[in-house]
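Report on one structure; see the data block that follows.
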Amino acid sequence: MKVALTQGAGRLEGLEGSLEALGYDVVRVPLVATVARVDAAATAAANALIDLPWRLYPSRSAVEAWRAIGCSHHDRARLGAVGPGTRRALELDAGRAVVEGAPATAAGLASVVVRASDHRDGPIGVVQGSRARPTLANALRISGFE
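First residue of the sequence shown? That's 454 in our numbering, and the numbers climb one at a time after it.
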């Protein structure tokens, strides 16, 4: 059976190999490209997340957008990534260790951060696009975080 993966190259690492190991014929047909919005509103939104106790990245696209806007990781925020690909990209950019979701999902990252946080720490920043699913932010809100 042939399976078409519509994500761009470098996304969903491991999925292609896993499908091939199951006997599928995998074809990459990128239909979606994520492009960082670099304007005054995006810059202002990013700047509002600097120096929060935590800053979480649900995707490598979020890491790339943070970089494109020109924001630094040289603040005191603890950093979190949904999965291993996002963690590697973030560690490369930030030059420091990053907490990873367990499991590697938005809910998994929220769970790890909630266990490692104190509500007195303050709000948790989530770096994501306007069309991204709110899974991570919702999981944090349900746990009592802003």
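Ideal placement from N, C-alpha and C gives every residue a C-beta, glycine not left out.
- Rounded to whole angstroms, the separation of the alpha carbons of residue 576 and residue 598 is 6 Å.
- A check of alpha carbon separations from residue 544 across 555, 527 and 484 identifies 527 as the nearest.
- Nearest to residue 498 by alpha-carbon distance, out of 458, 583 and 468, is 583.
- A buried status is given to residue 540, since no fewer than 16 other beta-carbon atoms sit within 10 Å of its beta-carbon.
- Cβ-Cβ distances below 6 Å link residue 481 to 458 in the same chain, with the five nearest sequence neighbours on each side left out; the list follows chain order.
- The C-beta of residue 475 has fewer than 16 other C-beta atoms within 10 Å across all chains shown, which makes the residue exposed.
- Look at the stretch 526 to 587 and you find these whole runs of alpha helix (DSSP H), each 4 residues long or longer: 537 to 547 and 559 to 569.
- Residue 472 carries a helical assignment under DSSP once its states are collapsed to helix, strand and coil.
- In the displayed model, residue 516 falls within a helix according to three-state DSSP.
- Of all alpha-carbon atoms in 550, 534 and 556, the one lying nearest the alpha-carbon of residue 578 is that of 534.
- Residue 565 places its beta carbon less than 8 Å from that of residue 554.
- The criterion of a C-beta distance shorter than 8 Å is not satisfied by residue 516 and residue 492.
- In this structure, residue 580 places its C-beta atom within 8 Å of the C-beta atom of residue 509.
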